[in-house]
Amino acid sequence: SSAMADPCAQFKDMKSYWDIPGMKAGVVTGKVAWNLLQFCKAKGFALPAFNCTGSSSCNAVLEAAAKIGMPAYIQFSEGGACFFAGKGLPNDKGKLQA
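Heads up: the sequence shown begins at 44 in the numbering used here, then just goes up one per residue.
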């Protein structure tokens, strides 16, 4: 049986995450986000995720990531996302919002 190819091998020689095809400042999704995770794995570091509860914590994460020149995840719990969005969204505990 042949060994499975390393899915992160293509990223080992890249100097920066900016070299990932499609990478841009701001929100990344889909294949670019997946490639960012593979780049991090190939380089031996984790991508931090910060649970934000409002605009001030989001801004703090964005400013810190920009200052050190590294990407970061901003994440929200379901209730935290409803709180952040304001009264325009229902926040029925235990009931997933679609």
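Glycine included, each C-beta is placed from N, C-alpha and C at the ideal position. The model shown is predicted, which means the values in this text are computed figures rather than measured ones.
With respect to the 8 angstroms criterion, Gly122 and Asn94 are not classified as neighbours on the basis of their beta carbons. For Gln118, the enclosing beta strand (DSSP E) has its first and last residue at Tyr116 to Gln118. Beyond the five residues adjoining it in sequence on each side, Gln118 comes within less than 6 angstroms, by CB distance, of Ala92 and Asn94 in the same chain, given in chain order. In this structure, the straight-line span from the alpha carbon of Ile63 to that of Ser120 is close to 29 angstroms. Membership of Ala89 in any alpha helix (DSSP H) is not indicated, and neither H nor E is assigned to it by DSSP.
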